[in-house]
Each structure stands twice: as structure tokens, then as C-alpha cells.
Amino acid sequence: MSDTHAKSVAFVRETTIPQSAPPMAASGPVLWMRTNLFATWSNTLLTIAALYVLYLVLTATMPWMLNGVWNTESLRACREVLDGTSGACFSVLTERWNQLLFGFTYPSELYWRPGLAFALLFVAAAPVLFFDLPRKLLFFTAIYPFLAYWLIWGGSVLYPLLALAGVVVGYLVYSKLVARNFAAGFFGGIAAAVAFIWIGGLLIPETASDNAMLEAVPSRDLGGFMLNMMLGVTCVSLSVPIGIALALGRQSDLPIVKMICVVFIEFIRGVPLITLLFVASVMLAYFFPPESTVDLFLRVVIMITMFSSAYIAEVIRGGLAALPKGQYEAGDSLGLDYPQKMRLIVLPQALKISIPGIVNIAVGLFKDTTLVSVISLFDIIGMIRGPILASTDWAGVYWELFMFAGALFFIVCYGISQYSQWLERRLATDHR
Amino acid sequence: MKKTVFLGALTVAGLAAGAAAAGTLDDVKARGKLNCGVTTGLVGFAAPDANGVWEGFDVGVCRAVAAAVLGDATAVEFVPTTGKTRFTALASGEIDMLARNTTWTFSRDTDLKFDFVGVNYYDGQGFMVPKALGVTSAKDLNGATVCIQTGTTTELNLADFFRKNNMEYEPVPIETNAEGQQQYLAGACDTYTTDASGLASTRAAFENPTEHVILPEIISKEPLGPLVRHGDNEWGDIARWTLNALIAAEELGITSANVAELGAAAGGSPEVNRILGTEGNLGEMIGLDAQWAMRAIAAGGNYGELFEKNIGEKTPIGLARGLNAQWTDGGILYTPPFR
Amino acid sequence: MTTLTDPPQESFKLSMLLNDSRYRSITMQVIALILLITAFWYLGSNLMANLRAQGLNISYEFLNSAAGYDINQTLIPYTSQSTNLQAALVGIINTLLVAFLACITATVFGVLAGVLRLSNNWLVRKLMSVYVEIFRNIPVLIWILIIYTVMTVSMPAPNAFRGETPTATMLFDAVAFTNRGVYIPAPIWGAGSMVVVATFFASLIGVFAYRRYATKLLFDTGRLLPMLWPSIAILIVPTVLMFFIMGSPIGLEYPALKGFNFRGGTQIGAPLIALWFALSIYTGAFIAENVRAGIMAVSRGQTEAASALGLRPGRVMNLVVLPQALRVIIPPLISQYLNITKNSSLAILVGYADITATLGGITLNQTGRAIECVLLLMLFYLIISLLISAVMNVYNNATRLKER
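Quick mapping for you: the protein sequence lines, in order, are chains A, B and C. Mapping to the UniProt record's numbering: the first sequence position 26 is 26, numbers consecutive. Mapping to the UniProt record's numbering: the second sequence position 245 is 245, numbers consecutive. Mapping to the UniProt record's numbering: the third sequence position 316 is 316, numbers consecutive.
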């Protein structure tokens, strides 16, 4: 074909022109800026406004941050170093680093223990958070609470071992009885565990902790960010099972059980956490037997657990309600009884739907652990507002401390919420 | 003493059972630790230092009692309490005694069922103003914005003072001393009011302490003292007489330096002998051994030494003895005789 | 009388309580009830024993005795001689005030940020994401402390307005921003001012009447009357006219520096502003997420369908997208309002006299009546929460998808 033209037309291009770059305005950063920053008049205005805000924020903070002083002993010394120029006294962070993380009374030579417990937390949490990991790791997760307890509080290893043994006994009794009847297995297991621990507790001598491998640390000595982490982790993990029970109770068709659960959930959700903490700090002591005192940490754990279990119950209730009715009916038609139906069909699906919601509650709860500073527990905020700002060395340093506390919370909470989003995407694929 | 009930791993963390009926003294001895309620941090009176060791004037009283009862001045568990939690903590038995700048008032002594065992610091509520404001008397404060640290009797005194003088003011309630300081220094309030000792301690931490004055008017009586639960008189006696021993020791010249020497053998002064247990059986009468007072004084020194070390004129807080001098020096510290 | 169809009565065996589903539910409930009663009895008897041991009693007498302390911001008359009950009432009103204000501004922040997060301007989108993430992931307690510190440290003290060369000046000589609060002019109601106010309310009713009429006309005949301009005119013109006819009866009282503080005008205290702003900007981040989710939940097909019908963009938003998005947005929005109300209990940190700071703070400290105060406090929050939940249920029922 081309040959025919060769004679009739003066010039025929037989190869394609090499591609030239698109005009500046239609590609690269310019195009990107035109579409993303200056698309319309109003958009341009918005961009300029945003740039101005950025400029204001950066000029206000950057010199201050960059001019920061990291190695002075006190605010006075820091101000001398700064000599009137604007700059941050980050030295409060380096000087009080341990206090901010561990509180002021945790023995400093023992910091490795909570540190190790914190590191192991990731190992223990991994198989729960990422389903791809080998299931065998769950074994470590099961031991972790006892290990972490022993690491943080120290004392005789017999107590956590006994508690662990009690749980094992309870599980054995449960698996023996569950074949016959779930209720018998469940309650039998709990009763066996409690009885075992009770008897074992009487056998452990009072002096067991005196020469323990790890020195005992009273819970009053816990503080700093460690306290926030511990409250968050303990209360969330305790409140998930309670939340499941409450959610099932609220869905049940036994009127009295249902009423108890509804009243509990609505009551807890209706009052601010701070009033519950007031209850823990000023009221709860009156509700324990006259001759016993339960220390503040445990009282706070009780109240925060109640608080978060009510919220988690509502999330799980949402999950239960979202299941198609057919699933329940399928369970019934297979002739399963209530515990079997719930355990084998409904809960696995409902919990899966509720996981992102539970993670959100966990993030919120973790942030709310800062409220304990209002009732004189020395968490990180309590440390800042109490001993650090009250000391003559550092009275008057606010921004650095609040920024540091905020940054710690941001890292943890942002991490968890990113995980939650990843999980949501992961779970969503199964439905397609 | 009931056997510790062990209910699962959790309870180990918290449930420490002791029989209140048996008396606080037996509890403390069985526990081997004195639980003492203090503030969450007021420099000079009770505050943890950089190493987390509690220091201060109130702390000294706790340590003295621990030394008297347990023979070990460090056998004290300091429980930080807020204005809100302190009374519940004491009433519910969480702490054995409260040494937290608590004003001895009628209703606290009677209605709230506590026993004040004495006064370790005679205080009064005062005002601090910046010098630049040009105010020389609290009577000039009509219309001022006043920062008050809440949780004490200060709000009531303040309201009474302004009402009595027909003046107006705007209160700014503040939770912690550090925040009060921040508000005051930023000029969000014209004056800061709390106990005069607290003002001095706050001012000591300022960048420029000389730019602020504490006004001469003291608008209230604030006898601050340790307190115990009502009804356990044996324990109350121990706390009361330990405090008295510290005060009497100063009067009689017993110091932490010479207490061991004076207590080694009976000396020339009968009262010193009785206090230090080389004569008579005072210790037995309050259920302790003979050396109780000796240990209490050796723990941190006598009243005067505690004062000088923690809040005296040589410290940054710089409080003068004033009312808190011995009666022989023109103050009102006057202990009943030890006999 | 017996019927023959009755099955022969089985003899009742004890094991049937557990194994027969007819009785099992009753057994379970009886057990639950017994456990509940035991628990309450146990706690109650402990309480009684503890109180008896300490010679205390539960009594609400203290509510009628004089409170003895002053409160800096009261909307109802209150002096230090008023009772603790009145102090609690002041606190309740202050709680409701800050919650109400914060709900409004949080909604504004939230809607703004939520819409801007969907903007096609990259910078704005990113800035809004940063705002939302930063505020959602740091505890509200830290935000309240930071914002309160910003207010006190970076705003000028009233002293800065003094002297020959003041370092701070009032805005238009009428509004003063200080670290004790914002002072704005206060209206003085002269003789005849009531007529002006009455006119204003009458024209407000007039606006509603006009809009109803216009809508009815639109539905009946399809004729479209202009809405915005007539509404504004009806609202403003008669009131302004009446204002001048009555001879300008409403004046303004400007704040001025006298003595220690600004005097005159209306003061909005710094604690209120700090708490209000902190709560609204914090909750705004959460609302932004709700708004974004709500708008994204309306499928694109809806917008395209509406455009295909020939609706203008504004109407697409008003008539098609918003009504559907609101159904998704409102329920979480109301629970955010609930959160604001509950979080306002942190007022104690900034010295704002809400119910937690009066009844649960100073009154509790001064009277030592911990149990009574905390119970009353919880009761109040419970009532508020239940009321808000009730409103939410009414709304949910009203906007539920009418399915066949």
C-alpha cells in the first residue's frame, strides 16, 4: 500500500514522531498544582488561606522548637542558656524522663521490668491482632497476663503461678463437663478455678514474698505513662468478656436478666467517667467489708472496667443485631441449644463485625485513662500537674510537657486507629 | 488480724485486709508500714524530690510517728490525697493518719468524726500581689480577681472576708498550686490567696520572687495539724504525743545530734529522762517501748530542726518562725508536760 | 372443669428445672435475681457497717445550709449566703450553658472540616486530615489544659490595656480580649425597648409564615417565590423602623477599665471560653468524621440522577444529598452531643463552675458529704443523658426509612 503513495505524494512519514513531553501546564507538578491547588477561584483562595495558616503555625513554633535546650538541670538554668531568646526547655523531658514514664516512686533499678512487660505485650498481642500468625503463639498470649503481673508487681512467683494453675484447672474441668452441658461446664470451670486458687492461696505462706526473685512493688508506686498503658490494657481486656455477657444478656428473652443488663448499661453510659472515678476514690471504699481496704489502683480498674464493658456491650449488641435473622434460625433448625448456637454460629460472626468498633472504644478508653489524674493518681498528666510542675526546678514549663504527653498518646492512638482501618479493609474483603 | 484473703491474681494487687476493730496500732505493727496521707505536692510540706523520696515538714511528722511505732523512719507509705479524697481515705482506713495541711475546724472534728492530734503549723490565709499593682493592704482589693486554690477552707474565708468588708471580687478557683501560679503570673488574676506558708513556698519558686509581696493582712486562723479517725484513742494518743515529743524536744534542747547521747543514760533533767525513756514508763502507757520518743526525735530531728530543714529561713521557702516559735521565744508552741 | 384433650400431667422432677426448657428460663431468672439481691444486700450491709463504725449517716441536710463560697459566673442570683442547693443549681445551669454552646460550635467546626476533607483542594484536604487526626488521638483532658494555658499565657492581662502606651488595645473600643475573659458591650433596655423586641419577634413569626406560604404556593401551583431576600427584609426592616420610631430606646454599655478589671458590658469568663473552645474543637474532629462518612454514604448515582433531572447544584445538595446524608449523620451527632455534655464535667480543670465543680467539688470538699454529693451528681448526668437519648429515639423513629 505504502508503495503506491511513494510516487504520488512528495513525502510520507513512515515512522511515528518520537513522543515529546506534554506542555508544562498539562503535566507534572504544574498540572498537579493546577488541579489540586488552583482549580477555581475559590480553590485558590482556600489554598492561600491554608498556606497562611501553615505559615503562622510554623513561624510560631519552629524557632521555639529548633532553639530547644536539652541538657540543663532546672528551668532557671535553661533560661540562662536561652538568654532571653525564644526556645523550648526540652531538658525537663530528659531530666524527668523516668518520672514521666514510670512515675516517681517506682524503684529506678527495676525499670527494666515494666519495660520488658511492655515489649512482651507486642508479642502477646500479635496473634490476637494479626490472624495470619501461627495460632500456637496464642499460648504465649494466655500466659502473658500472669507474666506481666509478675514482672510489674514482682513478689513471690507463687501467686501468678497459682492463678495460672487455677485457670488451667478451671479449663480442664470446663472441657470435661462441656460435652454434657455448656452451663455446667462454664460454671463448673469457674467454680473449680476459684476453689483451687482459694485453697492454694491458703497454702502459700505469708512470707512468700519476702525473698522473692523479683522485689515486690506496691501498686501505689506505679505511675507515669506506664500507669496509662496498664489501665488501658487491663481494663479493655477485662471488659471484652464482660461486654459480651452484657450484650447477650441485653438480647436475651429472659426479662429479669435483660432488665438488669439494660439498667446497668444505660446507667454507666449515662454518667461521665469522672463521676465513676469519684465513686472509686471517695465512695467505693465504703462498699467493701469494714476490715478490708482495697487500694486505689484496683478500685479504679473496677470502675473503668465497668465503664468500658458497658460501651463494648453496645458495640457487640450492634454486631449481634447486624447478623441476618437466618443465622439464628439456622442454628435453631440444626437443633443447637442456646449456648451452642451462640458459641458456634452467632458470636464468631458478630464479634468479627464488632472488632473495629471495639478498637475504637479501646482508643477512647485509653485516652480517658488520663482522667485518673483528677483523683490523685500519678499517671503522666498527674505527674506533670503534680510533682513536676510543683517542683521548684520546673515550675512554669507547660508546653514542652503537654506536647510530650500529647505526642505519646498520639503515637499509640494513631497506631491503633491505623490498625483498625487496616482490619476493616481486611474484614471487608470476605464479604465481597 | 484476719488472714489475707487470696482471690485470684488481681486481688493480690489490692486486697490487704486488716482488722480495724483490733485498733490502728496493731494494724500498723502487723503491716510493718505506716500509711500516711499527704498532699499531692506542696514544696516544703510534702513533695517528692527528683528521686521520688518524699520530703517536707508534714512528711517529717509521718516519719517520726513511724519511727516511734515501728522503729524505722522509712517504714512509711505516703499516700497522696487531694482535698476531695483526703477525708474519705482516712475514714475508710486507707490511711492511718493524715498530715496534709489540714485546718482544724469544729465540723471536721465533730461532724466528720476525726480527731486532730495537735497543731504542727499555725497558719493563716494571706494574699500575694505583684508589687507593680501598688496594693499595700487587702482592704484595697475591692473588685479584684482572686485566684483561690480549692479544696480547703480558703474559699469560705475569702467569701467571709469580702462580705465583712463590703467588697466585691471575682473568684477563680484553681485545682493545683502549679496552675494557680501560672494564672497569677500571667495576670489572669490580680491576687493569689492561700495559706501564708503556701504563698511563701509558691513565691520561692518564681523567677523573680522580689517582684511580689505578701500582704500584711492574715484573714483567717489556720491551725494545721495531723489527724486520725475518731474513736481509736490509743492510736490518737500515739500521734498526739509523738508530735508533742518533737515540740518538747526543741524546748528541752534535745536534738537529733545529741538524742543518742542523752538517751544512753539518765541525765540531769527529769523531763528529758522521762521523754527519752531513761526514767519512768511513759512508753508503756501508750503501748510502745521506752525508746519511742528517742527514735521519733532521731528520725528527723526535733520540731525546730524539721522546721529549719524544710521551711525555715535558710530554705527557698524562707518562713520565719513567728507564731510557731516555742512559748519561751514568744511563740505559741506549748506542749503539756511529759509526766 | 377439665377437658379431655389435656395431656396426662407429668410428675414434676427437680431435674426438670435445669433440663426442661419450660422451667429453665424461670430457674435462670430466679438465680439471677437471687444473685442480684445478694450483691446489693452485701454492698448495702457493708456500707451500713462502715458508716456505723465511723458514726456517719447519710443525710441531705447539707443542701439547705449556706454554701459559704462565691462563684465567678452565675446566671441566676447567687451569693455566698445561698444554700448548697442553689450552688448546685448554678452548676447545673453552667453545665447546660457550656454544653449548649459547645454543641453549636462543635457542629460548625465539624461540618466545616468534614466538608473540607472532601474538597478537591489537596492542601486543604491534608490540613483538615491533620486537624482531625491530631484532635481525635490526643485526650480531651490534655487539650483542655493546653487551650486554657494558651488563653492565660498568650492573651493580654487587663493591665496591658492601662497606661500611656498600652501594649493591648480594645477592638473598636468596644470589645476587649483579656486572659480573664472577653468583655463585650451590654445592651441597656430603655423605656419602649419592649416594643422593639416585640416587633422583632413578630417579624420572626412573619418570616416563618412567609416561608410556609411560599412552599405551599410552590407545591400547589409550581410558582417559585424568592425566599432569601424577602425573609431578610421581613426580619430586619420593621425592627429597625420601630427602633427609630421609639427613639432608639436600646443603648449599649461599653466595657471600660476601672480599678482592677474591665467594668460594664458583659463578661464572658476565660474558663467558659477555654472549656467551650476546647470541647468544640475536640468534638468537632469527631463530628467531621461523621459528616464525611454521611456524605460519602450517599451514592454518586443519587447526585447524578438529580442532575439528570435538571436540578441545580445547590438544590441537588439541599433536596437530594443532605436529607439522605443527615439520616446517617444525625444519630452519631447526637451521641457526640452527649459526649460533650459528659466531657464538660472536666470543667474542674479550668475553674469553670459547672455541677462537678460546685456540687461535686467545693460543696463536697467543704461538707465532706462524699456519698451524697457523688450520688446527686450521677443522678443529674443520668437524667440529662436519658433526655438526650429520648430525643434521639424520637428522631430515629421519625426519619427511619419507610420500608414497605
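By construction, the Cβ of each residue, glycine as well, lies at the ideal position given by its N, Cα and C atoms. Remember, it's a predicted structure, so these values are computed and weren't measured experimentally.
- A check of alpha carbon separations from glycine 243 of chain A across A:Gly170, A:Leu320, A:Asp132 identifies A:Leu320 as the nearest.
- Under the 10 Å beta carbon count, glycine 166 of chain A is surrounded by 16 or more other beta carbons and is classified as buried.
- A direct Cα-to-Cα measurement between glycine 294 of chain C and threonine 95 of chain C gives close to 29 Å.
- Residue burial annotation: arginine 295 of chain B is buried, with at least 16 other C-beta atoms found within 10 angstroms of its C-beta.
- Around the beta-carbon of tryptophan 143 of chain C, 16 or more other beta-carbon atoms lie within 10 Å, marking it buried.
- Taking 8 Å as the cut-off, the beta carbon of glycine 318 of chain B is found no closer than this to the beta carbon of alanine 178 of chain B.
- Tryptophan 104 of chain B sits in coil when the DSSP states are folded into three classes, being neither helix nor strand.
- Taking the C-beta atoms as reference points, threonine 85 of chain A is found nearer than 8 Å to asparagine 67 of chain A.
- Taking a C-beta distance under 8 Å as the contact criterion, valine 119 of chain B and glycine 37 of chain B do not qualify as a contact pair.
- Arginine 321 of chain B and alanine 298 of chain B have their C-alpha atoms roughly 22 Å apart.
- The shortest C-alpha to C-alpha distance from valine 262 of chain A to any of A:Gly249, A:Leu273, A:Ser373, A:Ser420 is the one to A:Gly249.
- Beta-bridge annotation (DSSP): methionine 128 of chain B is paired with B:Tyr192, B:Ile214.
- In terms of Cβ geometry, threonine 278 of chain B and glycine 263 of chain B form a close pair [threshold 8 Å].
- Under the DSSP definition of a beta bridge, glutamate 222 of chain B partners with B:Asp123.
- By alpha-carbon distance to phenylalanine 162 of chain B, the top candidate from C:Thr367, C:Phe135, C:Ile334, C:Gln81 is C:Gln81.
- By the Cβ criterion, the region 325 to 334 of chain C is not in contact with the region 44 to 60 of chain C, since fewer than three pairs of Cβ atoms, one from each stretch, lie closer than 8 Å.
- Sequence-distant partners of methionine 403 of chain A (beyond 5 residues in either direction) whose C-beta falls short of 6 Å from its own C-beta are missing from its chain.
- Distances from the CA of leucine 127 of chain C to each of A:Leu177, A:Leu54, A:Ala184, A:Arg317 were compared; the closest alpha carbon is that of A:Leu54.
- Contact of arginine 220 of chain A with chain B by beta-carbon distance below 8 Å involves Glu77, Val79.
- If you draw a 10 Å sphere on the C-beta of glycine 301 of chain C, you find fewer than 16 other C-beta atoms in it, and that means exposed.
- Of B:Asp27, B:Thr40, B:Lys33, the smallest CA-CA separation from phenylalanine 378 of chain A is found for B:Thr40.
- Separation of glutamate 314 of chain A and isoleucine 265 of chain A (C-alpha to C-alpha, rounded to the nearest whole angstrom) is 8 Å.
- Apart from the 5 residues on each side of it in sequence, arginine 79 of chain A sits with its Cβ closer than 8 Å to the Cβ of Cys89 in its chain, given in chain order.
- Within the region 264 to 275 of chain A, the residues whose Cβ lies closer than 8 Å to any Cβ of chain C are, in chain order, Glu266, Phe267, Arg269, Gly270, Val271, Pro272, Leu273, Ile274, Thr275.
- In this structure the region 409 to 423 of chain A lies against the region 352 to 366 of chain A, because at least three pairs of beta carbons, one per stretch, are closer than 8 Å.
- Around the CB of asparagine 166 of chain B, fewer than 16 other CB atoms lie within 10 Å, so the residue is classed as exposed.
- Look at the region 391 to 405 of chain A: the residues with a C-beta under 8 Å from a C-beta of chain C are Tyr398, Trp399, Phe402, Ala405.
- About 16 Å separates the beta carbon of tyrosine 171 of chain A from that of proline 160 of chain A, a gap too long to meet the 8 Å contact definition.
- Remark: C-beta atoms of leucine 36 of chain C and phenylalanine 267 of chain A do not approach each other more closely than 8 Å.
- Less than 8 Å separates the beta-carbon of glutamate 222 of chain B from that of glutamine 125 of chain B.
- By the Cβ rule, the region 76 to 87 of chain B does not count as touching the region 336 to 349 of chain C, because fewer than three pairs are nearer than 8 Å.
- Here DSSP, grouped into helix, strand and coil, assigns cysteine 89 of chain A to coil.
- The distance from the Cβ of alanine 160 of chain C to that of alanine 186 of chain B is about 11 Å, inconsistent with a contact at the 8 Å cut-off.
- Boundaries for tyrosine 78 of chain C: no beta strand (DSSP E) harbours it, and the DSSP string shows neither H nor E there.
- When DSSP reads this structure, arginine 229 of chain B sits in a beta bridge with B:Phe114.
- Closest option to glutamine 291 of chain B, judged by alpha-carbon separation, among B:Asp27, B:Thr24, B:Ala67, B:Ala46: B:Ala67.
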